[in-house]
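The block underneath contains the structure these notes are about, expressed in structure tokens.
There are 2 protein chains.
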Amino acid sequence: MPIDHLDGRLILLLAREPRIGVLEMSRRLGVARGTVQARLDRLTSNGVIRGFGPQVDPAALGYPVTAFATLQIRQGQGADVRAHLAGVPEVLELHTTTGGGDMLCRLVARSNADLQRVIDLVVGFDGIVRASTAIVMENPVPLRIIPLVEQASGDT
Amino acid sequence: MPIDHLDGRLILLLAREPRIGVLEMSRRLGVARGTVQARLDRLTSNGVIRGFGPQVDPAALGYPVTAFATLQIRQGQGADVRAHLAGVPEVLELHTTTGGGDMLCRLVARSNADLQRVIDLVVGFDGIVRASTAIVMENPVPLRIIPLVEQASGDT
DNA sequence: GTATCCGCTGGACAATCTGATCAGTGACCC
DNA sequence: GGGTCACTGATCAGATTGTCCAGCGGATAC
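Protein chains in written order, with my numbering: chain V, 354 to 509; chain L, 354 to 509.
This is how it looks when you write it as structure tokens:
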């Protein structure tokens, strides 16, 4: 759990140049190769680094429209709704939340028109009482973690 | 842009076992190494694959609380607000949206109590009129792309 | 029909990296 | 003092990478 400064530099370096190897990292960081290897192993088995999967851009795949939908669920139908939404490819992520809605999900679609199809797919399920959708226009801050890593490793 | 079936299998393979090399991929996919290399180059320069950065878990970093905040912005202050939010490490992502709110952002915090600090940090800025926050309780569908890749590449 | 382009194959090469292991060193704790 | 731990610097064989190449269809253009 505790991220130290070297861990932080390691993650930052990996984030900037993901394809470099352990040896090159050890050179850049000024530590021995074994150290880098050990740190990396620890970070991944810790769960701090979940993986190195490719980051795929939905837009480039033909799904340029993103939207967030807030869902209200009928009491006791939560599990069914989850299973239903997990089966819809256009649902990229799903959270249960406090507040006005019960769930928040991120959707993508091929066009604004196609979004209608996706929403119908999502809400066309018995347990969902109501859905309110916000279409994303711009994405000034794409999903990021680096500033947080810097903060977590800096002031430790 | 057009993802064919081999591209799809390539991405899926990479997503499942990110650390395998080009040679091993070519063996698994039953194609020549040069082909895999060419496809990968094309996918990354296409922008379909944005990168291979490490996926860091905020929870393991000490930020187990996630929340979504809907912000209402004073007319004409959009750019300032964006810059302000981009400077807050706990803001992992920011979108401008249609609908009731003007922006939607994803926040993390060290605890529910710490979330108050983060929210104060976020809304303590002149251009933000109002904020409404939903705390994430569960995450039944973590951010994913594989089902969409499967659909876009015409099944596996 | 023929020429041309394009992607894929299968092979080759040197250079590099990996995984594994080792002994030595300093810091810290009991 | 003795033990544990993390890091260093080194070794080794084996595997992988980047980069060429010629050949082979299929599709397209003329």
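Cβ atoms here follow ideal geometry from the backbone N, Cα and C, with glycine treated the same way.
R403 (chain V): beta carbon under 7 Å from a heavy atom of the ligand NAD?
What this structure holds is no ligand at all, so the ligand NAD is not there to describe.
Taking just the CA atoms, how far does R386 (chain L) sit from S379 (chain L)?
The residue you call residue 379 (chain L) lines up with position 26 of the second sequence. The residue you call residue 386 (chain L) lines up with position 33 of the second sequence. If I take the Cα positions, the gap works out to 5 Å.
Report the residues of the segment 373-399 of chain L with a CB closer than 7 Å to any CB of chain V, ordered along the chain.
N399
Contact criterion: CB-CB distance below 8 Å. Does F510 (chain L) meet it with respect to chain V?
Lying before the first or after the last residue shown, residue 510 (chain L) is absent from chain L, which here runs from 354 to 509.
If you draw a straight line from the C-alpha of L516 (chain V) to the C-alpha of L457 (chain V), how long is it?
Look at the range of chain V in this structure, 354 to 509, and you will see that residue 516 (chain V) is not part of it.
Which one or two residues does DSSP pair with Q408 (chain V) in a beta bridge?
Stepping through the first sequence from its first residue, residue 408 (chain V) is reached at position 55. Beta-bridge partners assigned by DSSP to Q408 (chain V): L:G404.
Taking the beta strand (DSSP E) that R459 (chain L) falls in, what are its first and last residues?
Here residue 459 (chain L) refers to the residue found at position 106 when the second sequence is read from its first residue. Following the DSSP letters along the chain, one finds R459 (chain L) inside the beta strand (DSSP E) bounded by residues M456 to A462.
Tell me which residues share the same chain as V471 (chain L) and place their Cβ nearer than 6 Å to its Cβ, disregarding the 5 neighbours each side in the sequence.
Counting from one through the second sequence, the residue named residue 471 (chain L) turns up at place 118. The residues are E443, L460 and A462.
Flag this pair as yes or no: are the beta carbons of P407 (chain V) and A368 (chain L) separated by less than 8 Å?
Numbered from its first residue, the first sequence carries residue 407 (chain V) at position 54. Numbered from its first residue, the second sequence carries residue 368 (chain L) at position 15. For P407 (chain V) and A368 (chain L), yes; Cβs fall inside 8 Å.
Give, in chain order, every residue of the segment 409-432 of chain L whose Cβ lies closer than 7 Å to some Cβ of chain V.
Of all residues in the segment 409-432 of chain L, only V409, D410, P411, A413, L414, G415, Y416 and F421 place a beta-carbon less than 7 Å from a beta-carbon of chain V.
Determine the burial state of T449 (chain L): buried for a count of at least 16 other Cβ atoms within 10 Å of its Cβ, exposed for fewer.
Residue 449 (chain L) sits at position 96 when you count from the first residue of the second sequence. The residue in question, T449 (chain L), is buried, as its Cβ has 16 or more Cβ neighbours within 10 Å.
Keeping to the same chain, check which residues put their C-beta closer than 6 Å to that of V502 (chain V); ignore five residues upstream and five downstream.
Looking up residue 502 (chain V) in the first sequence gives position 149. Closer than 6 Å at Cβ, skipping near neighbours: G361 and I364.
Between R497 (chain V) and chain L, is the shortest Cβ-Cβ distance under 8 Å, so that the two count as touching?
As a position in the first sequence, residue 497 (chain V) is number 144, starting the count at 1. Interface residue, yes.
Taking the alpha-carbon of V418 (chain L) as reference, which of L:A484, L:L424 and L:E491 has the nearest alpha-carbon?
Residue mapping note: residue 418 (chain L) aligns to position 65 of the second sequence, counting from 1. Nearest of L:A484, L:L424 and L:E491 to V418 (chain L), Cα basis: L:E491.
Kindly give me the distance between the Cβ atoms of R435 (chain L) and V482 (chain L), rounded to whole angstroms, as I take these residues to be in contact under 8 Å.
For the purposes of this step, residue 435 (chain L) is identified with residue 82 of the second sequence, where counting begins at 1. For the purposes of this step, residue 482 (chain L) is identified with residue 129 of the second sequence, where counting begins at 1. Contact between R435 (chain L) and V482 (chain L) is ruled out by a C-beta separation of about 15 Å, above the 8 Å threshold.
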